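Counting from 4, one number per residue, gives the positions in the sequence shown under my numbering.
We put the beta carbon where it would ideally sit given N, CA and C, even for glycine.
None of the values given here were measured: they were computed from a predicted structure.
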Amino acid sequence: MNISIFLIGFVFFMGGISVWLMPTFKLGIFFLEWDFLSLKFNFYFNSILFSFILFLVTFSVLVFSTYYLNSELNFNYYYFVLLIFVGSMFSLNFSNSIFTMLLSWDLLGISSFFLVLFYNNWDSCSGAMNTALTNRLGDYFMFVFFGLSVFSGYYFLSFSMFSSYMSLLLLLTAFTKSAQFPFSSWLPKAMSAPTPVSSLVHSSTLVTAGLILLMNFNNLVMQK
(Lines of atoms letter the chains of each structure in order from A and count residues from 1; the text may use other names and numbers.)
(Lines give C-alpha, C1' and ligand atoms only; values in the text may rest on other atoms or scores of the structure.)
Protein backbone atom coordinates (compact mmCIF):
# COMPACT_ATOMS: atom_id res chain seq x y z
CA MET A 1 0.00 0.00 0.00
CA ASN A 2 2.89 2.37 0.77
CA ILE A 3 4.36 1.63 -2.67
CA SER A 4 1.01 2.43 -4.29
CA ILE A 5 0.79 5.76 -2.45
CA PHE A 6 4.35 6.58 -3.50
CA LEU A 7 3.64 5.77 -7.15
CA ILE A 8 0.47 7.86 -7.17
CA GLY A 9 2.32 10.79 -5.61
CA PHE A 10 5.16 10.45 -8.11
CA VAL A 11 2.76 10.40 -11.05
CA PHE A 12 0.98 13.49 -9.68
CA PHE A 13 4.33 15.26 -9.36
CA MET A 14 5.47 14.36 -12.88
CA GLY A 15 2.07 15.28 -14.29
CA GLY A 16 2.21 18.69 -12.64
CA ILE A 17 5.65 19.31 -14.10
CA SER A 18 4.48 18.28 -17.58
CA VAL A 19 1.44 20.58 -17.34
CA TRP A 20 3.68 23.48 -16.27
CA LEU A 21 6.54 22.97 -18.72
CA MET A 22 4.84 21.66 -21.88
CA PRO A 23 1.78 23.79 -22.74
CA THR A 24 2.75 23.84 -26.45
CA PHE A 25 4.48 20.47 -26.65
CA LYS A 26 3.71 18.38 -29.72
CA LEU A 27 5.45 15.28 -31.05
CA GLY A 28 4.47 13.02 -33.95
CA ILE A 29 5.76 9.46 -34.26
CA PHE A 30 5.38 7.34 -37.42
CA PHE A 31 5.38 3.58 -36.91
CA LEU A 32 4.22 2.62 -40.41
CA GLU A 33 3.74 4.72 -43.51
CA TRP A 34 2.38 3.23 -46.73
CA ASP A 35 0.26 4.59 -49.54
CA PHE A 36 -2.90 3.03 -48.17
CA LEU A 37 -2.02 2.61 -44.49
CA SER A 38 -0.60 5.05 -41.97
CA LEU A 39 0.15 4.25 -38.35
CA LYS A 40 0.94 7.52 -36.62
CA PHE A 41 0.53 8.82 -33.08
CA ASN A 42 0.59 12.46 -31.98
CA PHE A 43 1.65 13.52 -28.48
CA TYR A 44 0.47 17.00 -27.57
CA PHE A 45 -0.57 18.84 -24.45
CA ASN A 46 -4.25 17.85 -24.34
CA SER A 47 -3.56 14.18 -25.04
CA ILE A 48 -0.78 14.01 -22.44
CA LEU A 49 -2.96 15.68 -19.80
CA PHE A 50 -5.88 13.35 -20.50
CA SER A 51 -3.58 10.31 -20.48
CA PHE A 52 -2.21 11.42 -17.12
CA ILE A 53 -5.73 11.50 -15.66
CA LEU A 54 -6.60 8.20 -17.36
CA PHE A 55 -3.52 6.57 -15.85
CA LEU A 56 -4.44 7.72 -12.35
CA VAL A 57 -8.03 6.46 -12.62
CA THR A 58 -6.91 3.17 -14.19
CA PHE A 59 -4.25 2.57 -11.57
CA SER A 60 -6.74 3.19 -8.75
CA VAL A 61 -9.30 0.84 -10.31
CA LEU A 62 -6.72 -1.90 -10.88
CA VAL A 63 -5.58 -1.72 -7.26
CA PHE A 64 -9.18 -1.84 -6.03
CA SER A 65 -9.98 -4.74 -8.39
CA THR A 66 -7.33 -6.94 -6.80
CA TYR A 67 -9.33 -6.82 -3.55
CA TYR A 68 -12.84 -6.68 -4.99
CA LEU A 69 -12.64 -9.45 -7.62
CA ASN A 70 -9.75 -11.54 -6.35
CA SER A 71 -12.03 -14.46 -5.47
CA GLU A 72 -13.69 -14.57 -8.91
CA LEU A 73 -12.81 -17.50 -11.17
CA ASN A 74 -12.53 -15.26 -14.24
CA PHE A 75 -10.25 -12.73 -12.59
CA ASN A 76 -7.44 -13.16 -15.14
CA TYR A 77 -9.95 -12.80 -17.98
CA TYR A 78 -11.21 -9.59 -16.40
CA TYR A 79 -7.71 -8.15 -16.10
CA PHE A 80 -6.83 -9.08 -19.68
CA VAL A 81 -9.93 -7.47 -21.20
CA LEU A 82 -9.60 -4.40 -18.98
CA LEU A 83 -6.00 -3.84 -20.09
CA ILE A 84 -7.09 -4.15 -23.73
CA PHE A 85 -9.72 -1.49 -23.08
CA VAL A 86 -7.24 0.86 -21.42
CA GLY A 87 -4.69 0.35 -24.20
CA SER A 88 -7.36 1.12 -26.79
CA MET A 89 -8.25 4.29 -24.92
CA PHE A 90 -4.62 5.44 -24.92
CA SER A 91 -4.33 4.56 -28.61
CA LEU A 92 -7.46 6.57 -29.47
CA ASN A 93 -6.14 9.50 -27.48
CA PHE A 94 -2.84 9.60 -29.39
CA SER A 95 -4.02 8.38 -32.81
CA ASN A 96 -3.51 10.59 -35.83
CA SER A 97 -4.59 8.37 -38.72
CA ILE A 98 -7.81 6.76 -39.91
CA PHE A 99 -6.46 3.24 -39.38
CA THR A 100 -5.40 3.71 -35.76
CA MET A 101 -8.55 5.64 -34.94
CA LEU A 102 -10.86 2.98 -36.39
CA LEU A 103 -8.88 0.18 -34.73
CA SER A 104 -8.92 1.87 -31.33
CA TRP A 105 -12.61 2.79 -31.63
CA ASP A 106 -13.59 -0.76 -32.52
CA LEU A 107 -11.48 -2.32 -29.76
CA LEU A 108 -13.19 -0.04 -27.25
CA GLY A 109 -16.58 -1.40 -28.27
CA ILE A 110 -15.45 -5.03 -28.27
CA SER A 111 -13.69 -4.86 -24.90
CA SER A 112 -16.58 -2.99 -23.26
CA PHE A 113 -18.94 -5.72 -24.50
CA PHE A 114 -16.91 -8.47 -22.80
CA LEU A 115 -16.50 -6.42 -19.62
CA VAL A 116 -20.25 -5.94 -19.27
CA LEU A 117 -20.71 -9.67 -19.98
CA PHE A 118 -18.41 -10.62 -17.09
CA TYR A 119 -21.03 -12.08 -14.70
CA ASN A 120 -22.78 -13.94 -17.54
CA ASN A 121 -26.31 -13.61 -16.16
CA TRP A 122 -29.49 -12.25 -17.73
CA ASP A 123 -28.87 -8.62 -16.78
CA SER A 124 -25.25 -8.63 -17.94
CA CYS A 125 -26.13 -10.35 -21.24
CA SER A 126 -28.91 -7.85 -21.91
CA GLY A 127 -26.66 -4.92 -21.04
CA ALA A 128 -23.78 -6.27 -23.13
CA MET A 129 -26.01 -6.76 -26.17
CA ASN A 130 -27.49 -3.28 -25.83
CA THR A 131 -23.99 -1.82 -25.52
CA ALA A 132 -22.74 -3.75 -28.54
CA LEU A 133 -25.65 -2.72 -30.77
CA THR A 134 -25.24 0.94 -29.86
CA ASN A 135 -21.50 0.74 -30.53
CA ARG A 136 -22.17 -0.92 -33.90
CA LEU A 137 -24.44 1.96 -34.82
CA GLY A 138 -21.69 4.40 -33.89
CA ASP A 139 -19.21 2.39 -35.96
CA TYR A 140 -21.55 2.68 -38.95
CA PHE A 141 -21.69 6.47 -38.58
CA MET A 142 -17.91 6.56 -38.30
CA PHE A 143 -17.35 4.44 -41.41
CA VAL A 144 -19.69 6.66 -43.43
CA PHE A 145 -17.89 9.74 -42.10
CA PHE A 146 -14.46 8.46 -43.14
CA GLY A 147 -15.88 7.26 -46.45
CA LEU A 148 -17.12 10.75 -47.26
CA SER A 149 -13.77 12.16 -46.15
CA VAL A 150 -11.82 9.88 -48.49
CA PHE A 151 -14.03 10.17 -51.58
CA SER A 152 -15.06 13.83 -51.28
CA GLY A 153 -12.33 14.90 -53.70
CA TYR A 154 -13.12 12.48 -56.53
CA TYR A 155 -14.89 13.44 -59.78
CA PHE A 156 -17.68 15.97 -59.24
CA LEU A 157 -17.71 15.46 -55.46
CA SER A 158 -16.35 18.27 -53.32
CA PHE A 159 -15.67 18.63 -49.62
CA SER A 160 -18.05 21.58 -49.28
CA MET A 161 -20.93 19.43 -50.54
CA PHE A 162 -20.59 16.95 -47.68
CA SER A 163 -19.09 19.03 -44.86
CA SER A 164 -22.46 19.53 -43.13
CA TYR A 165 -23.32 15.83 -43.37
CA MET A 166 -19.84 14.90 -42.14
CA SER A 167 -20.22 17.15 -39.10
CA LEU A 168 -23.59 15.55 -38.32
CA LEU A 169 -22.15 12.03 -38.69
CA LEU A 170 -19.25 12.96 -36.44
CA LEU A 171 -21.61 14.24 -33.76
CA LEU A 172 -23.79 11.12 -33.98
CA THR A 173 -20.69 8.94 -33.66
CA ALA A 174 -19.61 10.83 -30.55
CA PHE A 175 -23.13 10.65 -29.08
CA THR A 176 -23.20 6.84 -29.25
CA LYS A 177 -20.06 6.44 -27.14
CA SER A 178 -20.83 9.34 -24.80
CA ALA A 179 -24.37 8.07 -24.09
CA GLN A 180 -26.07 11.25 -25.25
CA PHE A 181 -29.73 11.38 -26.30
CA PRO A 182 -31.07 9.41 -28.15
CA PHE A 183 -28.29 6.84 -27.59
CA SER A 184 -28.27 6.90 -23.78
CA SER A 185 -30.29 3.74 -23.10
CA TRP A 186 -27.22 1.46 -23.07
CA LEU A 187 -25.49 3.19 -20.15
CA PRO A 188 -27.90 2.24 -17.29
CA LYS A 189 -28.02 -1.35 -18.54
CA ALA A 190 -24.22 -1.50 -18.76
CA MET A 191 -24.07 -0.91 -14.99
CA SER A 192 -24.66 -4.65 -14.57
CA ALA A 193 -20.90 -4.99 -15.06
CA PRO A 194 -18.61 -5.27 -12.00
CA THR A 195 -18.27 -2.11 -9.91
CA PRO A 196 -14.66 -1.37 -11.02
CA VAL A 197 -15.77 -1.59 -14.65
CA SER A 198 -18.63 0.82 -14.06
CA SER A 199 -16.34 3.27 -12.29
CA LEU A 200 -13.65 3.15 -14.98
CA VAL A 201 -15.38 2.36 -18.27
CA HIS A 202 -18.85 3.86 -17.93
CA SER A 203 -18.09 7.00 -15.94
CA SER A 204 -14.62 8.32 -16.76
CA THR A 205 -13.19 6.75 -19.93
CA LEU A 206 -15.60 5.29 -22.49
CA VAL A 207 -18.05 8.18 -22.23
CA THR A 208 -15.20 10.61 -22.97
CA ALA A 209 -14.20 8.79 -26.18
CA GLY A 210 -16.72 10.86 -28.12
CA LEU A 211 -15.16 14.04 -26.76
CA ILE A 212 -11.72 12.87 -27.87
CA LEU A 213 -13.09 12.20 -31.34
CA LEU A 214 -14.56 15.69 -31.55
CA MET A 215 -11.28 17.20 -30.36
CA ASN A 216 -9.42 15.42 -33.15
CA PHE A 217 -11.77 16.97 -35.71
CA ASN A 218 -12.40 20.28 -33.97
CA ASN A 219 -11.68 22.32 -37.10
CA LEU A 220 -14.48 20.58 -38.99
CA VAL A 221 -16.93 20.92 -36.09
CA MET A 222 -16.13 24.58 -35.41
CA GLN A 223 -16.40 25.37 -39.11
CA LYS A 224 -20.00 24.19 -39.05
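Option nearest residue i by Cα separation, candidates the options
i, options, result
"residue 53", "212, 221, 75", "212"
"residue 140", "60, 202, 180, 83", "180"
"residue 126", "106, 71, 76, 194", "194"
"residue 83", "134, 170, 200, 130", "200"
"residue 135", "55, 188, 93, 86", "188"
"residue 192", "207, 100, 67, 132", "132"
"residue 152", "138, 142, 178, 101", "101"
Beta-carbon proximity of residue i to residue j, cut-off 8 angstroms
i, j, result
"residue 144", "residue 103", "no"
"residue 97", "residue 50", "yes"
"residue 217", "residue 173", "yes"
"residue 165", "residue 155", "yes"
"residue 111", "residue 209", "yes"
"residue 91", "residue 114", "yes"
"residue 128", "residue 120", "yes"
"residue 61", "residue 203", "yes"
"residue 3", "residue 93", "This structure cannot speak to residue 3, because the chain is shown only from 4 to 227."
"residue 3", "residue 169", "Residue 3 is absent from the structure shown; the chain starts at 4 and stops at 227."
"residue 81", "residue 72", "yes"
Start-to-end residues for the alpha helix (DSSP H) that takes in residue i
i, result
"residue 138", "125–154"
"residue 198", "198–203"
"residue 191", "189–193"
"residue 214", "212–219"
Minimum Cβ-Cβ distance from residue i to chain B less than 8 angstroms
i, result
"residue 142", "The chain labelled as chain B is not found in the depicted structure, where only one protein chain is given."
Residue burial classification, residue i (beta-carbon count within 10 angstroms, cutoff 16)
i, result
"residue 184", "exposed"
"residue 108", "buried"
"residue 77", "exposed"
"residue 64", "buried"
"residue 221", "exposed"
"residue 85", "buried"
"residue 198", "exposed"
"residue 219", "buried"
"residue 123", "exposed"
"residue 167", "exposed"
"residue 69", "exposed"
"residue 130", "buried"
"residue 27", "Low local confidence applies: a pLDDT of 46 at residue 27 is under 50, so the model's placement there is unreliable, and no value is given."
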